[in-house]
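Everything on this sheet refers to the single structure shown next.
Chains as they are written, first to last, in this note's numbering: chain A, 1 to 298; chain B, 1 to 298; chain C, 1 to 298; chain D, 1 to 298.
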């Protein structure tokens, strides 16, 4: 298929590479051109303007950082306007419910399909083409892009025709991860304060009742207080908590855990820790309990 | 081994049966005698007084509901005083950190060993002898009772010599479960408010990032709003949240998630829902968001 | 002085009337013209377009509902652009810190002064010209408008040259009121649950330690569960809590009480109570405790 | 009247002195005898045992630190048992709802009246005989002790016949004060983060909407970050928050603000600040926002 691909961060690059490997024709664009070099070597054409990536694409895929970046490209730089009618725009990024509604409306007005397809998985998972992809959009459009999604993910989870539904699932999922981080942080502080190491506690829990990727992966980081380099930075994590609160606010859903998380992230950011991994919010529990120093070599 | 076993609720009965099957000699006691009938059929001797179960035991195992019940038997009914010197008391129940410290001190004063061995697992897991057992106590005492623990559990997790450490792990673990319940409740309310069913959301999350027993088991209950009969009642759940808060309070550990949980349980109890499964706290999120009725056939 | 006045809700009308009584010349504008009738009778000229109210004014005063309404008039309808250079724009409304920064920047670019002058006081207080006015802006501009502020308020509280500082004070103040409402709600629920009426508790507290306008006025409403007609509606109250959270978020200030308040307001809105007085959030405490019905004739 | 008075901390001493000045006969007792010297000079007899203070008293007044101290004297040291039948025990201290119920029951069993009469006011207020006294107990008993209460307080607030009702009012009132502290702390942190000093904000608010003793007194301490010497220590404040949570817990009253307060106090205690004034919890907001150092000379 003729695919345009915009947004070549570590996630985007991994996905684009897998699309090339699956035999698709790609025209890629990134704000800083250097990110495209590896893909050029794999056979991608590199566009100078984002509109070039979109102009002849049957499907345009986007993997941008947030609402603002996505709007800037699709609307500000005129990409949506240059897409061929009947083409489909696949937004793989984590954007707000409000942005999903707005962008799908704009796409429809232009005669372009819009599929929301946010992904779960860290960069390594993207590289291995083992992402979990939540998909929502009109059935025909989803069918058309399914082979592309199959090339980058392990499993596709359709959740209906309204694109923003996929975004709600992604946002709810990230909230669940953030809650798990805080939960482990509080539990570990409680354990430490009574002489049990975070390592002891988390090894037991994540080998048994909580034997799942999120708890095991982040449990290890928390037990070892290894928050740098950040796999997923605290500032991005805060963005996700805000997306949950905004989606909740718009639909009148009180979320007391999300409110606690917001305050945690703000405190960590105020302490200058934006660049640590978001699992480092677990340290706040230890710090507030006065058990941080004792337990760590930091 | 000659074992006394006190406390024959559904969990206790399952454990005692497994000890009998492993060839140990049991003298059992329960407040209401009828609970002992099945075990008698399996070869247990049934004591009329709890002291009888303890008087000649090498090891006395307890599986009682809470601090009060445990103190009532060990101290109030004079069981500890009647135990032979050098015998070991194994407390399998979920008691407070404070109670563990007090009881182990009393046992030591009497020349009796004290091993804290709280278990993770629902009754079916106990019946299958697949419990996870967290163990703390003096090394020699732990060694002595290890064959008994091996007969009732799948895995033994030693966490040191001070008995209360095992209790902290159990309490922290139960707090983690309660947090997972609230997390799923908030996430499901957010999803529903935006047109995604709890079922859709939780199936995706618990098949992937959260593919662990706690999330899968309780996720199903929450998705189906199936809170009765209660596997683990809300009133017991509240007890566990309180144990976490008390252990935190004693060691100056702020736990904002645990504080939110406390208020959730209180609200559910005030609403007359003490007999539902504790996962029903997830409904409060739906109710507060005004999405409870729409989503359920309750 | 030649004054333009835009925004004739109940608060704006009262202020404009007091300016007329103090001998100033007013050209007024409101989205719905009917609101201007009373002022016309007092001698005001009624503009057909907002730009007319601004075109010859030495000072333009605004009392609009929120950021959006204020921006729509000043920027969207071109009012700022039509103001004479050297004129001063006085924003009496409750807008966000971000809006204050943006609008004062735009005004400066246009050569117009900008004074933030949000007010504390309900409509009756505005009618009696007894408002408390928090003022921030360049000293010269503040001096120029001081006679106008003196005509509508009892006391002027200058807080510096950067306009948004006045808005922060207003936002912090409204947060403090909302916190007092929640505090009285929780305290009253606790009292009721133990046989003391809200009336008994609040009369004692607001006659003694809490003998201040906010506690006495709202304490009465809460004690009598008299939430309609709304003096200040719940939806507006939610706006103010959000302004506090946004100002906090922008500067990395965790505010756990504000977070609790947000969830309270969302729950009340989800329950269809947006039109009640904002003090009605106190009822949520009663409802969650199961003491609402017993205590009220609702 | 013949009065026994037990508990001569700064509050108790001031009250006892006022009783002496009003012409009553006092027999006083305190754990450390030295505290009684001043009262002896004023004419009090000093008992060597607490039972002596009670044995011939028509009314026994208690002003002890907490449940434990009160129980230790009344029950542990046999004071209740030595009181003459028909005498009345007046508990001026801040005890739990549960303790009030238990002690009044024990008193009734002994044929002794029990009046709960907790007081609002700092030591200076007690010295000036201007306390606010909340009173509950059987009408006849309350009538009998009224002249004594009149001698130590400015106003008496009767709230019914069940003693614990007075305690609930006291506990709810102290919760309201603690909430005001946290509210000012968060508001001040928000203000500081945007360039407004705590002093500026709190002066405005406590001169106007919040012009009440609690806000003015504590507002000053917070604005000046003057937390030592403690007028009311943080550890005592934590006790009061716990009393509110316990009373709430017993009657199923969720109190999210009280839950936030609990975590605040725990964090301050973990930071070694138990001896500061309880208003110092306001500093936690500043610290979490990263504005503490900038604003203070601490």
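Ideal Cβ placement from N, Cα and C applies to all residues, glycine included.
- Give the DSSP-derived three-state secondary structure of residue 283/A in the structure shown. helix
- Within the same chain, show all residues whose beta-carbon is closer than 7 Å to that of residue 142/C, passing over the 5 residues directly before and after it, in chain order. 115, 135 and 158
- For residue 27/A, the three-state DSSP class (helix, strand or coil): strand
- Endpoints, beta strand (DSSP E) assigned at residue 215/D: Premise fails: residue 215/D lies in the alpha helix (DSSP H), 213–224, not in any beta strand (DSSP E).
- Task: Would you tell me roughly how many angstroms separate the C-alpha atoms of residue 208/C and residue 52/D, rounded to the nearest one?
- Result: 37 Å
- residue 242/B by DSSP, collapsed to three states: which one? helix
- Taking one C-beta from the segment 235–253 of chain D and one from the segment 261–280 of chain D each time, how about it: are there three or more such pairs within less than 8 Å? yes
- Message: What does the Cβ neighbour count give for residue 38/B, buried or exposed, with the cut at 16 atoms within 10 Å?
- Response: exposed
- Message: At the level of alpha carbons, what is the spacing between residue 287/C and residue 249/A?
- Response: 21 Å
- Message: Determine whether the beta carbon atoms of residue 162/A and residue 290/B lie at a separation below 8 Å.
- Response: no
- Message: Does residue 272/D pass the burial test, meaning 16 or more other C-beta atoms within 10 Å, or should it be called exposed?
- Response: exposed
- Between residue 32/A and residue 9/A, what straight-line distance do the alpha-carbon atoms span, to the nearest angstrom? 10 Å
- Message: What are the residues in the segment 162–177 of chain A lying within 8 Å of chain B by C-beta distance?
- Response: 162, 164, 165, 168, 169, 171, 172, 173, 175, 176 and 177
- Message: Quick check: what's the CA-CA separation for residue 74/B versus residue 81/B?
- Response: 8 Å
- Query: Nearest chain A C-beta to residue 294/D closer than 8 Å, yes or no?
  - Reply: Reliability fails at residue 294/D, whose pLDDT of 44 lies under 50, so the model's placement of it is uncertain and the value that follows must be treated cautiously. No, no contact with chain A.
- Query: Listed in chain order, which residues of the segment 251–267 of chain D have Cβ atoms closer than 8 Å to some Cβ of chain B?
  - Reply: 252, 253, 254, 255, 256, 259, 260, 262, 263, 264, 266 and 267
- Query: the segment 143–162 of chain D: which residues have C-beta closer than 8 Å to a C-beta of chain C, in chain order?
  - Reply: 155, 157, 159, 160 and 162
- Message: Rounding to the nearest angstrom, what Cα-Cα distance links residue 87/B and residue 72/B in this structure?
- Response: 20 Å
- Query: Relative to chain F, which residues along the segment 271–294 of chain A have a C-beta separation below 7 Å, given in chain order?
  - Reply: Reference to chain F is not applicable here, since the protein chains of this structure are A, B, C and D.
- When burial is assigned at 16 or more other CB atoms within 10 Å of the CB, is residue 49/B buried or exposed? exposed
- Message: When you compare the segment 163–170 of chain A with the segment 145–155 of chain A, are there three or more beta-carbon pairs, one atom per stretch, that lie closer than 8 Å?
- Response: no
- Which residues DSSP lists as bridging residue 227/B, in chain order: Beta-bridge pairing links residue 227/B to no other residue.
- Item | Integer-rounded CB distance, given that residue 219/A should sit under 8 Å from residue 202/A | 4 Å
- What are the boundary residues of the alpha helix (DSSP H) that residue 18/B is part of? 10–21
- Query: So, is the C-beta of residue 94/A closer than 8 Å to a C-beta in chain B?
  - Reply: no
- Distance, residue 211/D Cα to residue 7/D Cα: 34 Å
- Own chain, CB closer than 6 Å to residue 5/B, minus 5 neighbours either side, in chain order: 16, 26, 28 and 61
- Query: Considering only the beta carbon of each residue, do residue 276/C and residue 215/C sit closer than 8 Å?
  - Reply: no
- Over the uninterrupted beta strand (DSSP E) stretch that includes residue 66/B, give me the two end residues. That residue, residue 66/B, is in no beta strand (DSSP E); it is neither H nor E in DSSP.
- Among 13/C, 178/C and 164/C, which residue has its Cα nearest to the Cα of residue 98/C? 164/C
- Item | Straight-line Cα distance separating residue 152/D from residue 187/A | 48 Å
- Residue(s) in a DSSP beta bridge with residue 136/B: 116/B
- Burial state of residue 191/C (16 or more Cβ within 10 Å): buried
- Message: I need the DSSP call for residue 76/C, collapsed to helix, strand or coil.
- Response: helix
- Going by other Cβ atoms of all chains shown within 10 Å of its Cβ, with 16 needed for buried, is residue 23/D buried or exposed? exposed
- Residues within the segment 2–34 of chain C neighbouring chain D, beta-carbon criterion of under 8 Å: none
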